[in-house]
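Student: Per the working numbering, the very first residue in the sequence shown carries number 12; after that it's consecutive.
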Amino acid sequence: MPSRILLILVSCALSVVTGLVIARGGAGVAAARQRPLIGLSMDTLKEERWQVDRDLFTAQVQAAGADVLVQSANSNDAVQLQNVESLITQKVDALVIIPHDGAAMAKAVNLAHQAGIPVLSYDRLITDCDLDLYLTFDNVKVGELQAKFLVDRIPAGGKLRLIRIYGAKTDNNAKLFKQGQDNILQPLIAAGKVEVIFEDWAEDWKPESAKKITNAAITKNGPNFDAILASNDGTAGGAIQALTEEGLAGKIIVTGQDADLAACQRIAQGTQAMTVYKPIKSIATQAAELALKLAQGKPIIARDAVANGKTDVPSILLDIVTVTKENLRGTVVKDGFRKESDVFQSTQP
Ligand code: BGC
């Protein structure tokens, strides 16, 4: 009998919904091999965070006595599909996918399922398929924290003029970040307290694309704006390059996400105002543990469910933190994610 994921929803007294995921197929396959084998298919290693994700994930799988194969697709859907096919051919017991294009990777999930391999969608959702598990941060909340930071800085009696730079259109997260930002901004836009003077999507999250968007906004409107709502640190970096060329860096409030080292340094220097810290150690180590459970057919508790167009995917959402100049030490440094000497290096005389 083809094994199927069962999602058993249990309502607790406090009406918290608890999902119990029982993995497909993995246990039988793993039994034939000494050590379970986990496949990790990544969109890209371009942003600094993904290298950290890969290293922590790999270390955790290996520490648990299993093996891991990692492939990265360089933001190319055809390459990512080939990567997944190759991992399936190498008979991985569970697959972890960080999709470049959440819709395009549904095909990869279907192929894995035909081979009896369970799939965990990591950080980004794979849409329109019968996905087994989704582990991510609270992405809507990321957008809300970014926008909240800006609306808290609306000048008294005035309005905040804003450039909005969204992420890659192919990334479901980019839409969720925008949704969270909209939740906070829309009422203030309607009240005339926030004005969006320019907005666009950065192709594949490229800093160069964010720089072009900022250049275009300045060409169209001049330097008369207060903030750039950049959706991650990479795009914030591109935007700040454009501001630097115009002599505006440090005068405009710029948001971000990921607590990249370069962004933490910019926050220390004052050219970027905030980032959102998503503890990569939590997602990477939990993904490794969950992938092993999927591989071994062990039960998993998933308290949330996220609709992906085809099904309600059992999901685990991790929490996040706003980082500013005031709390850099108390957050990313304290957590061991960044070294104080690295973050503040460039601010020393
Ligand atoms: C991730 C961000 C990352 C962006 C670009 C998003 O899906 O959630 O952390 O900055 O992709 O790689």
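All C-beta atoms in this analysis are idealised placements derived from N, C-alpha and C, irrespective of residue type, glycine included.
For clarity, every value in this text was computed on a predicted model and none was experimentally measured.
Looking at C-alpha atoms only, which residue of D54, K222 and V79 is the closest neighbour of K102?
Tutor: Here residue 102 corresponds to residue number 91 of the sequence shown, with the count starting at 1. Of the candidates D54, K222 and V79, the one whose C-alpha sits nearest the C-alpha of K102 is V79.
Student: Are the beta-carbon atoms of L362 and D149 separated by less than 9 Å?
Tutor: It is not possible to answer for residue 362, since the shown part of the chain is limited to 12 through 360.
Student: Check whether the segment 181–193 touches the segment 155–167, counting contact only when three or more Cβ pairs, one atom from each stretch, lie closer than 8 Å.
Tutor: The segment 181–193 is in contact with the segment 155–167.
Student: Looking at C-alpha atoms only, which residue of L187, A295 and K170 is the closest neighbour of Y177?
Tutor: Residue mapping note: residue 177 aligns to position 166 of the sequence shown, counting from 1. Y177 has its Cα closest to that of L187, out of L187, A295 and K170.
Student: Looking at the unbroken beta strand (DSSP E) that takes in P325, where does it start and where does it end?
Tutor: Position 314 of the sequence shown, counted from the first residue, corresponds to residue 325. Residues D323 to L329.
Student: How big is the Cα-Cα spacing for Q71 and I208?
Tutor: On the sequence shown, position 60 is the one that residue 71 refers to. On the sequence shown, position 197 is the one that residue 208 refers to. Each residue's Cα considered, the two are about 45 Å apart.
Student: Would you be able to state if there are at least three C-beta pairs under 8 Å between the segment 51–60 and the segment 80–87?
Tutor: Verdict: yes, contact present.
Student: Just to confirm, are D211 and I224 a CB contact at a threshold of 9 Å?
Tutor: The residue you call residue 211 lines up with position 200 of the sequence shown. The residue you call residue 224 lines up with position 213 of the sequence shown. Yes.
Student: Taking Cβ to Cβ, would you say S132 is nearer than 9 Å to L122?
Tutor: Taking the first residue of the sequence shown as position 1, residue 132 is located at position 121. Taking the first residue of the sequence shown as position 1, residue 122 is located at position 111. Taking 9 Å as the Cβ cut-off, S132 and L122 do not qualify as a contacting pair.
Student: The alpha helix (DSSP H) spanning Q45 covers which residue range?
Tutor: Taking the first residue of the sequence shown as 1, we reach residue 45 at position 34. Where Q45 is concerned, there is no enclosing alpha helix (DSSP H), given that its DSSP letter is neither H nor E.
Student: Is the segment 305–324 close to the segment 89–98, with three or more CB pairs under 8 Å?
Tutor: No, because fewer than three Cβ pairs between the segment 305–324 and the segment 89–98 fall closer than 8 Å, the two stretches do not touch.
Student: Going by DSSP, what residue range makes up the beta strand (DSSP E) through W212?
Tutor: Stepping through the sequence shown from its first residue, residue 212 is reached at position 201. Note, W212: beta strand (DSSP E), V205 to W212.
Student: Who are the near neighbours of E206 in its chain, counting only those whose CB is closer than 8 Å to its CB and skipping five residues on each side?
Tutor: Mapped onto the sequence shown, residue 206 falls at position 195. Excluding positions up to five away in sequence, the list reads K170, L171, R172, L173 and I200.
Student: Any heavy atom of the ligand BGC within a distance shorter than 8 Å of the CB on R349?
Tutor: Indexing the sequence shown from 1 puts residue 349 at position 338. False, no ligand heavy atom lies under 8 Å from that Cβ.
Student: Give me, in chain order, the residues of the same chain whose beta-carbon lies closer than 6 Å to that of G50; leave out the 5 immediate sequence neighbours on both sides.
Tutor: Within the sequence shown, numbered from 1, the residue matching residue 50 stands at position 39. Closer than 6 Å at Cβ, skipping near neighbours: L80, L98, V103 and L106.
Student: Can you tell me the Cβ-Cβ gap for I331 and Y288, rounded? I've got them flagged as a contact below 8 Å.
Tutor: Against the sequence shown, residue 331 aligns to sequence position 320. Against the sequence shown, residue 288 aligns to sequence position 277. About 7 Å; that satisfies the 8 Å criterion.
Student: In whole angstroms, what is the alpha-carbon distance linking A202 and V162?
Tutor: Position 191 of the sequence shown holds residue 202. Position 151 of the sequence shown holds residue 162. Approximately 12 Å between the Cα atoms of the pair.
Student: Where T181 and L254 are concerned, what is the direct C-alpha to C-alpha distance, given to the nearest angstrom?
Tutor: Position 170 of the sequence shown holds residue 181. Position 243 of the sequence shown holds residue 254. Their Cα atoms are separated by approximately 27 Å.
Student: So, are the CB atoms of N345 and I278 less than 9 Å apart?
Tutor: Here the question's residue 345 lines up with position 334 in the sequence shown. Here the question's residue 278 lines up with position 267 in the sequence shown. Per the sequence shown, residue 345 should be read as Lys rather than Asn. Against a cut-off of 9 Å, the Cβ pair of I278 and K345 comes out as no contact.
Student: Could you please give me the residues that DSSP links to D78 through a beta bridge?
Tutor: Position 67 of the sequence shown, counting from 1, holds the residue named residue 78. DSSP, once it has assigned bridges, lists L48 as partnering D78.
Student: Determine the direct distance from the alpha carbon of R314 to that of A24, and round the result to whole angstroms.
Tutor: Numbered from its first residue, the sequence shown carries residue 24 at position 13. Numbered from its first residue, the sequence shown carries residue 314 at position 303. Unreliable positioning characterises A24 in this predicted model, as indicated by a pLDDT of 28, which lies under 50. The coordinate reading is nonetheless provided below. Approximately 14 Å between the Cα atoms of the pair.
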